[in-house]
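Asks: What the sequence shown shows, in numbering that gives the first Met the number 0, is residues 0 to 418, in sequence order.
Beta carbons are placed, not taken as given, at the ideal position from N, Cα and C, and that holds for glycine.
Quick one: this structure, given as structure tokens, is what I'll be asking you about.
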Amino acid sequence: MTITAAPPGEAATSAVDFLLSFARYAHDAGYPSADLEERVLALAARLGLEGAEISATPTMIELSLGSLAQQRSFTLRVRPTDVELDAIARLDDLVQDVLDGRADAYAAVERLATIKAQPLEQPLFVRLTAYAVAGAAVTPILGGGWRDLIGGGLVGLLVGAIALTAPRGARAEPMVAPLAAVAASFAAASLPHLGLKTVPDVVTLAALVTLLPGMALTIGVRELATEHLQSGVANTAKALVQLLGLVFGVGVGRSIATSWFGAPEQVVPTTGFSGTHVLAALAAGIAFTITLRAQPRAAPVMCSATVLAVLANAAGKAVFGAAAGVFVAALAIGVAGGLLGALVRRSPLVFIVPGVLILVPGSAGFNSLLKLLTGQTVSGVDAGFNTLVTAISIAYGLMVATVILPRRLTHLDGRRGGG
């Protein structure tokens, strides 16, 4: 890609302002580091900003512009955020318009301000319902029965109420997940004593699935494998800290429930594949459309991703075994997402994120830490190793998908697709 000389005067200032604002807001929307860096470099080249270099991590963005003799450097302090698929889709539209020459720097600044000022609004009851549906939908995949499905929906509703109404901020936000885990664990343990014969562990895990950092763990491992070391370490550490917070909360909730009601009956769920898993994946895709803040029109795509993930995982396990099955599912998700992204000229994340989430890579880590917390050391270490294998399998599946697909489909420039 050839970089031309920077435009003079106000045009150059406007281009720099847009690039910095885009980098910050794109990070807040939840782009992985590699995707964010690719877009910023492509925009810089199109806007004629010479010598652009960028390093993006979950907590810092460093951007340099100009030749070495006249280089200017900018540092943006940022915080880790959740994925907002609607914002990503709108930002991708803006990126393609700039790359195709339909928007200059001035217009891009105005459109970026509009995107920031008009985020996707979702009624509170809709978002609460999505948490309940997600909790109910995941229970069959975890081996639960119809009673667990009801319990997962009820406890998922409770988790959503805590997650959506808790105060947000640098000091309060880290406590949301542990608090939700305390409530979920205690409520799940209480249901059998209220007449609903559920499996508390299944209900707890299903209700907390929207808070499990499976995607962050997968991205972290993927970035470590591709030598984005700072981002990889940061994302992996973030995922592990969130897992520890959830396990702490579950341990506290379980301790309270045990002291009040006695130890729950231990039931081993059956997790074999069945047709209900497909229906569960469809319901989960609808719920993820809302919890990941995507437009309703993205629901068919996200449901397709969750169904493909479940079917590919089941087929892969049957033919190649558990670890290879996860790799096959991630490969299928990556290829389908890449093809879809090339077709609609948008980020494949709208397909990849829900597909990865339904594989629930965080759940294995959650179980391993929970077993360690309850004294099941040997099985906990074994499950923890399986978590690492699962995360690596998903990461490499997604990476192999980008190698299989032609570069013109995965490379971001102004010539891909229609004009």
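Taking the alpha carbon of D85 as the reference point, which residue from S392, V349, I391, G354 has its own alpha carbon closest?
Replies: The sequence position of residue 85 within the sequence shown is 86, counting from 1. Among S392, V349, I391, G354, the Cα nearest to that of D85 is on V349.
Asks: Going by DSSP in three states, R296 sits in which element: helix, strand or coil?
Replies: Within the sequence shown, the letter at position 297 stands for residue 296. Note: R296 maps to helix in three-state DSSP.
Asks: Alpha carbon to alpha carbon, how far is M59 from V309? Give it in angstroms, no decimals.
Replies: As a first step, residue 309 must be located in the sequence shown, where it is residue number 310. As a first step, residue 59 must be located in the sequence shown, where it is residue number 60. If you take the alpha carbons of V309 and M59, they lie about 35 Å apart.
Asks: Out of L127, L195, V97, A331, state which residue places its alpha-carbon closest to the alpha-carbon of L40.
Replies: As a first step, residue 40 is located in the sequence shown; it is residue number 41 there, counting from the start. Considering only alpha carbons, the answer is V97.
Asks: To the nearest whole angstrom, what separates the beta carbons of L93 and A112, a pair I think is in contact under 8 Å?
Replies: As a working note, residue 93 is residue 94 in the sequence shown. As a working note, residue 112 is residue 113 in the sequence shown. Not confirmed; about 11 Å, so no contact.
Asks: Using the rule of at least 16 other Cβ atoms within 10 Å of the residue's Cβ for burial, across every protein chain shown, is Q241 buried or exposed?
Replies: As a first step, residue 241 must be located in the sequence shown, where it is residue number 242. Q241 comes out buried.
Asks: Under the rule that 16 or more other beta-carbon atoms within 10 Å means buried, what is A14, buried or exposed?
Replies: Reading the sequence shown from its first residue, position 15 is the one you call residue 14. Answer is buried; the Cβ neighbour count reaches 16.
Asks: Have a look at L48, P79, R78 and flag the residue whose alpha-carbon is nearest the alpha-carbon of S66.
Replies: For this step, residue 66 is matched to residue 67 along the sequence shown. The option with the nearest alpha carbon to S66 is L48.
Asks: Could you please give the first and the last residue of the uninterrupted beta strand (DSSP E) stretch that includes R71?
Replies: One-based indexing of the sequence shown puts residue 71 at position 72. Looking at the DSSP string, the run of the beta strand (DSSP E) that includes R71 is 71-76.
Asks: In the DSSP assignment, find the beta strand (DSSP E) that holds E83 and state where it starts and stops.
Replies: Taking the first residue of the sequence shown as 1, we reach residue 83 at position 84. No beta strand (DSSP E) holds E83; DSSP gives it neither H nor E.
Asks: Can the beta-carbon of G396 be found closer than 9 Å to that of A329?
Replies: For the purposes of this step, residue 396 is taken as the residue at position 397 of the sequence shown. For the purposes of this step, residue 329 is taken as the residue at position 330 of the sequence shown. Contact flag set, yes.
Asks: Counting beta carbon pairs with one atom in the segment 50-57 and one in the segment 29-40, are three or more of them shorter than 8 Å?
Replies: Touching, yes, given that three or more Cβ pairs across the two stretches are closer than 8 Å.
Asks: For the beta strand (DSSP E) that S54 lies in, which residues bound it at each end?
Replies: Counted from its first residue, the sequence shown places residue 54 at position 55. Its beta strand (DSSP E) spans residues 52-55.
Asks: Look up L62 in the DSSP assignment and give the residues it is bridged to.
Replies: To locate residue 62, count along the sequence shown from 1; it is residue 63. For L62, which the question treats as bridged, DSSP gives the partners I53, F73.
Asks: What are the boundary residues of the alpha helix (DSSP H) that includes L117?
Replies: Taking the first residue of the sequence shown as 1, we reach residue 117 at position 118. In the sequence under discussion, the amino acid at residue 117 is Gln, which differs from the Leu named in the question. Unbroken run through Q117: none, as it is neither H nor E.
Asks: Once you ignore the five residues that flank S189 on each side, which residues in its own chain have a CB closer than 8 Å to its CB?
Replies: In the sequence shown, the residue the question calls residue 189 occupies position 190. These residues qualify, in order along the chain: A256, F260.
Asks: Alpha carbon to alpha carbon, how far is A104 from D27?
Replies: The residue given as residue 104 occupies position 105 in the sequence shown. The residue given as residue 27 occupies position 28 in the sequence shown. Their backbone Cα atoms lie some 21 Å apart in a straight line.
Asks: Let me make sure I understand the geometry here. Which of V388, A136, A116 has the alpha-carbon closest to that of R221?
Replies: Residue mapping note: residue 221 aligns to position 222 of the sequence shown, counting from 1. Taking only the C-alpha atoms, the option nearest R221 is V388.
Asks: In angstroms, rounded to a whole number, what distance separates the CA positions of G143 and A341?
Replies: Here the question's residue 143 lines up with position 144 in the sequence shown. Here the question's residue 341 lines up with position 342 in the sequence shown. When rounded, the distance between both Cα atoms is 38 Å.
Asks: Flag this pair as touching only if the segment 175-193 and the segment 241-253 have three or more C-beta atom pairs under 8 Å; answer yes or no.
Replies: These segments touch.
Asks: Would you kindly report the start and end of the unbroken alpha helix (DSSP H) that includes G151?
Replies: Position 152 of the sequence shown, counted from the first residue, corresponds to residue 151. Residues 145-164.
Asks: Compare the beta carbon distance of G252 and A183 with 9 Å and say whether it is the shorter of the two.
Replies: Taking the first residue of the sequence shown as position 1, residue 252 is located at position 253. Taking the first residue of the sequence shown as position 1, residue 183 is located at position 184. A contact, by the Cβ cut-off of 9 Å.
Asks: With three or more beta-carbon pairs closer than 8 Å as the criterion, would you say the segment 226-233 touches the segment 154-165?
Replies: No contact exists between the segment 226-233 and the segment 154-165.
Asks: Evaluate H276 with the Cβ neighbour count: other Cβ atoms within 10 Å of its Cβ, from every protein chain shown; 16 or more gives buried, anything less gives exposed.
Replies: Within the sequence shown, the letter at position 277 stands for residue 276. H276 is buried by the Cβ-count criterion.
Asks: Can you look up S303 in the DSSP assignment and give me helix, strand or coil?
Replies: The count along the sequence shown starts at 1 and reaches residue 303 at position 304. S303 falls in the helix class under three-state DSSP.
Asks: Around the C-beta of L193, are 16 or more other C-beta atoms found within 10 angstroms, so that it is buried, or is it exposed?
Replies: Residue 193 sits at position 194 when you count from the first residue of the sequence shown. L193 should be labelled exposed.
Asks: Taking only the alpha-carbon atoms, compute the straight-line gap between P118 and T80 and give it to the nearest angstrom.
Replies: What you label residue 118 is simply residue 119 of the sequence shown in a count that begins at 1. What you label residue 80 is simply residue 81 of the sequence shown in a count that begins at 1. P118 and T80: Cα-Cα distance of roughly 15 Å.
Asks: Applying the criterion that 16 or more other CB atoms from any shown protein chain within 10 Å of the CB defines a buried residue, is L466 buried or exposed?
Replies: In the structure as shown, the chain starts at 0 and stops at 418, and residue 466 therefore has no counterpart that could be examined.
Asks: Between P7 and the rest of its own chain, which residues show a CB-CB distance below 6 Å, the 5 nearest in sequence each way excluded?
Replies: The count along the sequence shown starts at 1 and reaches residue 7 at position 8. Residue placement at P7 cannot be trusted, given a pLDDT of 49 that sits under 50; what the coordinates show is reported in the next sentence. Correct list: empty, nothing qualifies.
Asks: What's the C-alpha gap between V318 and V327?
Replies: Position 319 of the sequence shown, counting from 1, holds the residue named residue 318. Position 328 of the sequence shown, counting from 1, holds the residue named residue 327. Using only the alpha carbons, I get a separation of about 10 Å.
Asks: Figure out for me which residue from A323, R126, A335, A131 has the closest Cα to the Cα of T419.
Replies: In the structure as shown, the chain begins at 0 and stops at 418. Residue 419 is therefore absent and cannot be evaluated.
Asks: If we count the other Cβ atoms within 10 Å of its Cβ and call it buried at 16 or more, is R71 buried or exposed?
Replies: Translated into positions along the sequence shown, residue 71 becomes position 72. Flag for R71 reads exposed.
Asks: For the alpha helix (DSSP H) containing R345, name the first residue and the last one.
Replies: Taking the first residue of the sequence shown as position 1, residue 345 is located at position 346. Here R345 belongs to no alpha helix (DSSP H), and DSSP marks it neither H nor E.
Asks: Determine whether the beta carbon atoms of L90 and R38 lie at a separation below 9 Å.
Replies: In the sequence shown, counting from the first residue as 1, residue 90 sits at position 91. In the sequence shown, counting from the first residue as 1, residue 38 sits at position 39. Going by C-beta atoms, L90 is nearer than 9 Å to R38.
Asks: Looking at the secondary structure, which residues open and close the alpha helix (DSSP H) in which R253 lies?
Replies: One-based indexing of the sequence shown puts residue 253 at position 254. Segment 228-260, the alpha helix (DSSP H) holding R253.
Asks: Closest to S230 by C-alpha separation, out of A400, L18, T203, E61, would be which residue?
Replies: For the purposes of this step, residue 230 is taken as the residue at position 231 of the sequence shown. Taking only the C-alpha atoms, the option nearest S230 is E61.
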